[in-house]
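Participant: In this text, residue positions in the sequence shown follow the working numbering: the first is 432, and each later residue adds one. Positions of the beta carbon are idealized from the N, C-alpha and C atoms, including for glycine. No experiment lies behind these values; they were computed from the predicted model shown.
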Amino acid sequence: MECLRSVSYSFNINGEVREYANPRRGIRQGDPLSLYLFLLCSEGFSNLIRKAASNRKLLGMRISRHGPSITHLFFADDSLIFYKANMDQATELTRVLQVYALRSSQLINLDKSSILLSKNVRPELMHEICQTTGNMQRVSQGKYLGLPMVVSRTKEQIFAFVKTNIQQRILKWKNRFLSAAGKEIMLKSVALAMPTYTMSCFKVPSRLCKEISSLMSNYWWGKANGKNKVHWCSWRKLTQNKNMGGLGFKDLEAFNTALLGKQVWRLITQPNLLVNQVMKAKYFPWTSIFRCKVPNNASWIWRSLVGARELVEQGTRRKIGNGKNKNIWEDSWIPDTSNGRVTTRRAMDNGLQKVEELICQKRWNRNLVFQNFNREDADRILSIPISLSGREDSHFWIHGVDGNYSVNSGYKVQALNNDNKQKRNQMEGSTMRDTIYGKIKVGDPICKRCGEERETIEHALLNCSEAKQTWKLAPIQWKGMMEQHGSFKRWWISIAEARHRPEGWQHISLSVHILWQIWKDRNEVEFNGKKNQPWRTIQKAQEDWLEFGEIDKRETRMSTEETEALHQNNQ
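(1) Would DSSP call Phe979 helix, strand or coil?
(2) With distances taken Cα to Cα, identify the nearest neighbour of Ile759 among Lys488, Arg777, Asp767 and Ala507.
(3) Restricting to Cα atoms, I'd like to know which of Leu789, Arg822, Ala712 and Trp966 is closest to His497.
(4) Please state the DSSP three-state secondary structure of Gln701.
(5) Straight-line CA distance for Glu741 to Phe721?
(6) Take Asp508 and list the residues in its own chain whose beta-carbon comes closer than 7 Å to its own, dropping the five residues that flank it on each side.
(7) Spell out the partners DSSP gives Pro716 in its beta bridges.
(8) Can you tell me which residues form a DSSP beta bridge with Val570?
(9) Could you please give the first and the last residue of the uninterrupted beta strand (DSSP E) stretch that includes Ser645?
(10) Per DSSP, what kind of secondary structure is Asp780 in: helix, strand or coil?
(11) With the cut-off set at 9 Å, would you say Asn803 and Thr768 are in Cβ contact?
(12) Quick check: what's the CA-CA separation for Lys920 versus His938?
(13) In this structure, does DSSP put Ser510 in helix, strand or coil?
(14) Going by DSSP in three states, His830 sits in which element: helix, strand or coil?
(15) If you drop the 5 nearest sequence neighbours on each side, which residues of the same chain put their C-beta closer than 7 Å to that of Thr627?
(16) Under the rule that 16 or more other beta-carbon atoms within 10 Å means buried, what is Met913, buried or exposed?
(17) Mind checking which residues open and close the beta strand (DSSP E) that includes Phe442?
(18) I'd like the list of long-range same chain contacts for Leu977, defined as Cβ closer than 7 Å, with 5 residues on each side in sequence excluded.
(19) With respect to the beta strand (DSSP E) encompassing Val448, which residues constitute its N-terminal and C-terminal limits?
(20) With 16 as the cutoff for other CB atoms within 10 Å, does Gly446 come out buried or exposed?
(21) Closer than 8 Å is the cut-off here; do at least three beta carbon pairs connect the segment 533-553 with the segment 595-605?
(22) Going along the chain, which residues of its own chain have a beta-carbon closer than 8 Å to the beta-carbon of Lys673, five neighbours each way excluded?
(23) Taking DSSP as the reference, what is the three-state secondary structure of Met913?
(24) Can you find the residues in the same chain that come closer than 8 Å, C-beta to C-beta, to Ile945, ignoring five residues on each side of it along the sequence?
(25) Hey, out of Ile907, Gln908, Glu883 and Trp909, whose CA is closest to Glu897's CA?
(26) Given this structure, state the Cα-to-Cα distance separating Glu761 from Glu787, to the nearest angstrom.
(27) CA-CA distance, Ala891 and Trp663?
(28) Just verifying my parser: in three-state terms, what is the DSSP assignment at Lys971?
(29) Three or more C-beta pairs closer than 8 Å, one from the segment 634-643 and one from the segment 603-615: is that the case here?
(30) Is Pro965 buried or exposed, if buried means 16 or more other CB atoms sit within 10 Å of its CB?
(31) Identify which residue in Asn707, Ala452 and Trp947 has its Cα closest to the Cα of Ile888.
(32) Can you give me the Cβ contacts of Gly831 inside the same chain, cut-off strictly under 7 Å, excluding the 5 residues immediately before and after it?
(33) If you reduce the DSSP assignment to three classes, tell me which class Pro579 lands in.
(34) Pick from Gln568, Phe476, Phe505 and Cys561: whose alpha carbon is nearest that of Arg534?
(35) Where Phe979 and Trp936 are concerned, what is the direct C-alpha to C-alpha distance, given to the nearest angstrom?
(36) Nearest CA to the CA of Lys488: which residue from Phe505, Leu511 and Lys515?
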């Protein structure tokens, strides 16, 4: 540390350089060398710990029998030191800290230091260790770098701080001062970014994700008189891409899986990482992450990563190098197939295991390939290039431009998987409803107003006799509407074209109010047993339409006046 005290300064006073001054407080903040202070000091501290570990005075920690021993982890100016809970090692750690303080002229801040001991340590030993290390504060459970150090069974309570932080931030935003575009930017750049760090390491409970989505949805649609406004579109619809009719908000569960998928990708592509060595020794020492089973005592971090491995496996293929690490029948290595695996059924007497057995002198053994695989698989295998350098097999991500996994591409795949899963559930639910009618008491599918046909959205709003009578009394008539037997969506698209005609928007607006009143009349019959006359329905729709038009004109006029006043003030 002598070089840190050897800096000198000179002063230029009235154009004349005066005497030099030697500082005694070390490097000032902002000095170019100050960026390396942490590196210089931590390297010396690390060497002291390594020396104590080599002399077996500090044993470190192993989470598995064959895993690496970890004695310390450094992050900027934070240090984590691991040792066995006994007096000998506590004394040795105290000695290391004293030597470091003496050599670096830096004192250990005990007020900002704490010690975490296992619950299996005797209380008497806990007290002695704390005294030996300088009466450090003992913690049982807390956070480190913003994340919980211990995740218990109550996951929702552990990760409730994520929702609380977002809720507190949203409450500070003034909704009435922001346009729709402003609210969109705030939600995407701030609210959706806040849980990213936590979701990169842990699987956040689904219920908590839904509550956070509800907070953002309520903010998006706004409030009136202390109550949430009507949500005219589901949050699931808003999470779709803008070219699909959504607004591009994130589905938090899919986003969480995509972030964890990035960690899984690091595990399979960077085997020399310390975290990879630790995880592999603990959970999949003799197999791959895609084939290992989850033990009952697995940590929540590992369970979270396992929950994302299906996403990564779905889009991961192997580049064939020497073929030694690739299983022919179980791994994904065939291009142009849905899951990347061979479609040929393995014969009982087929002893082939690894891809390298299909390679001869850095070329595919064509005869062996055609003997053991069908024509489609054989053509795909022979089209795969083989590395001439004999390098190891590697992975590539089929949904990425450069072959590397990205959170954005992973999110798109996971969001599509969730949509397909929800569609399957809806189809299964529809099939189940068709099956159980007449067998289990469920809601009657027959229209309550006419009692003639099965109720659908088209029947309720257009084709029911009551609805037809209402439309006949309406002041607008859509040509061919009574003969419309297609989907409601197609009918709505056809009348939406009227916006290009004079007074087209007014006709569409009135039609919306009529549809709304027809739907309210249907609910009155369904839930209250009250039936309104068609003329009353049209009357109420017209009243609401006229009232809405007056309010819209008033707000437009006020907005114009405010804009003109602001323009005059600026001049």
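Facilitator: In this structure, then:
(1) As a first step, residue 979 is located in the sequence shown; it is residue number 548 there, counting from the start. Secondary structure of Phe979 (DSSP, three-state): helix.
(2) Counting from 1 along the sequence shown, the entry for residue 759 is found at position 328. In this structure, Arg777 is the residue among Lys488, Arg777, Asp767 and Ala507 with its C-alpha nearest to the C-alpha of Ile759.
(3) Against the sequence shown, residue 497 aligns to sequence position 66. Closest in C-alpha terms to His497, from the list Leu789, Arg822, Ala712 and Trp966, comes Ala712.
(4) For the purposes of this step, residue 701 is taken as the residue at position 270 of the sequence shown. In the structure shown, Gln701 sits in coil (DSSP, three-state: anything other than H, G, I, E or B).
(5) Along the sequence shown, read from residue 1 onward, the residue named residue 741 stands at position 310. Along the sequence shown, read from residue 1 onward, the residue named residue 721 stands at position 290. One C-alpha to the other measures close to 8 Å.
(6) The residue labelled residue 508 in the question sits at position 77 within the sequence shown. Within the same chain, Asp508 has close Cβ partners Phe469.
(7) For the purposes of this step, residue 716 is identified with residue 285 of the sequence shown, where counting begins at 1. Pro716 pairs with nothing; no bridge assigned.
(8) Here the question's residue 570 lines up with position 139 in the sequence shown. DSSP lists Leu547 as partners of Val570.
(9) Here residue 645 is taken as the residue at index 214 of the sequence shown, counted from 1. Counting along the chain, Ser645 falls outside any beta strand (DSSP E), though it belongs to the alpha helix (DSSP H) covering Ser637 to Trp652.
(10) Along the sequence shown, read from residue 1 onward, the residue named residue 780 stands at position 349. Asp780 sits in coil when the DSSP states are folded into three classes, being neither helix nor strand.
(11) Here residue 803 refers to the residue found at position 372 when the sequence shown is read from its first residue. Here residue 768 refers to the residue found at position 337 when the sequence shown is read from its first residue. Between Asn803 and Thr768, the C-beta spacing is not below 9 Å.
(12) As a first step, residue 920 is located in the sequence shown; it is residue number 489 there, counting from the start. As a first step, residue 938 is located in the sequence shown; it is residue number 507 there, counting from the start. Straight-line Cα distance between these residues: approximately 18 Å.
(13) For the purposes of this step, residue 510 is taken as residue 79 along the sequence shown, with counting starting at 1. Looking at Ser510 - three-state DSSP - the assignment turns out to be strand.
(14) Within the sequence shown, residue 830 is the residue found at index 399, counting from 1. Reduced to three states, the DSSP call for His830 is coil.
(15) The residue you call residue 627 lines up with position 196 of the sequence shown. Cβ within range, chain order: Leu690.
(16) Locating residue 913 in the sequence shown gives position 482, counting from the first residue. With a pLDDT of only 48 at Met913, under the threshold of 50, the placement of this residue in the model should not be trusted, and no figure is reported.
(17) The residue labelled residue 442 in the question sits at position 11 within the sequence shown. Phe442: member of the beta strand (DSSP E) spanning Tyr440 to Ile444, first to last residue.
(18) If you number the sequence shown from 1, residue 977 lands on position 546. Scanning its chain for C-beta atoms nearer than 7 Å, with the 5 sequence neighbours on each side dropped, one finds no residue around Leu977.
(19) Locating residue 448 in the sequence shown gives position 17, where the first residue counts as 1. Glu447 to Ala452 is the extent of the beta strand (DSSP E) around Val448.
(20) Here residue 446 refers to the residue found at position 15 when the sequence shown is read from its first residue. Gly446 counts as exposed, since fewer than 16 other C-beta atoms from the protein chains shown sit within 10 angstroms of its C-beta.
(21) Cβ pair count under 8 Å is below three, so no.
(22) The sequence position of residue 673 within the sequence shown is 242, counting from 1. So the qualifying residues of the chain are Gly679.
(23) Position 482 of the sequence shown, counting from 1, holds the residue named residue 913. Reliability of the predicted coordinates at Met913 is poor, the pLDDT of 48 falling under 50, and the value obtained from them is presented with this limitation in mind. Reduced to three states, the DSSP call for Met913 is coil.
(24) Along the sequence shown, read from residue 1 onward, the residue named residue 945 stands at position 514. Here the set comprises Thr901, Trp902, Ala905, Thr968, Ile969 and Ala972.
(25) Translated into the one-based positions of the sequence shown, residue 897 becomes position 466. Ranking Ile907, Gln908, Glu883 and Trp909 by Cα distance to Glu897 puts Glu883 first.
(26) The residue given as residue 761 occupies position 330 in the sequence shown. The residue given as residue 787 occupies position 356 in the sequence shown. C-alpha separation (whole angstroms): 14 Å.
(27) Residue 891 sits at position 460 when you count from the first residue of the sequence shown. Residue 663 sits at position 232 when you count from the first residue of the sequence shown. Computed Cα separation, rounded: 19 Å.
(28) Counted from its first residue, the sequence shown places residue 971 at position 540. Here Lys971 sits in helix by DSSP.
(29) For the pair of segments examined, the segment 634-643 was found not to touch the segment 603-615: the number of CB pairs separated by less than 8 Å stays below three.
(30) On the sequence shown, residue 965 is found 534 positions in, with the first residue counted as 1. Flag for Pro965 reads buried.
(31) Residue mapping note: residue 888 aligns to position 457 of the sequence shown, counting from 1. The candidate whose alpha carbon is nearest that of Ile888 is Trp947.
(32) One-based indexing of the sequence shown puts residue 831 at position 400. Here the set comprises Ser837 and Ser840.
(33) Working through the sequence shown from its first residue, we reach residue 579 at position 148. Of the three classes helix, strand and coil, the one that applies to Pro579 here is strand, per DSSP.
(34) As a position in the sequence shown, residue 534 is number 103, starting the count at 1. It is Phe476.
(35) Residue numbering aside, residue 979 sits at position 548 when the sequence shown is read from its first letter. Residue numbering aside, residue 936 sits at position 505 when the sequence shown is read from its first letter. Looking at the two C-alpha atoms, the distance is approximately 13 Å.
(36) Numbered from 1 along the sequence shown, position 57 holds the residue referred to as residue 488. Here the closest residue by C-alpha is Lys515.
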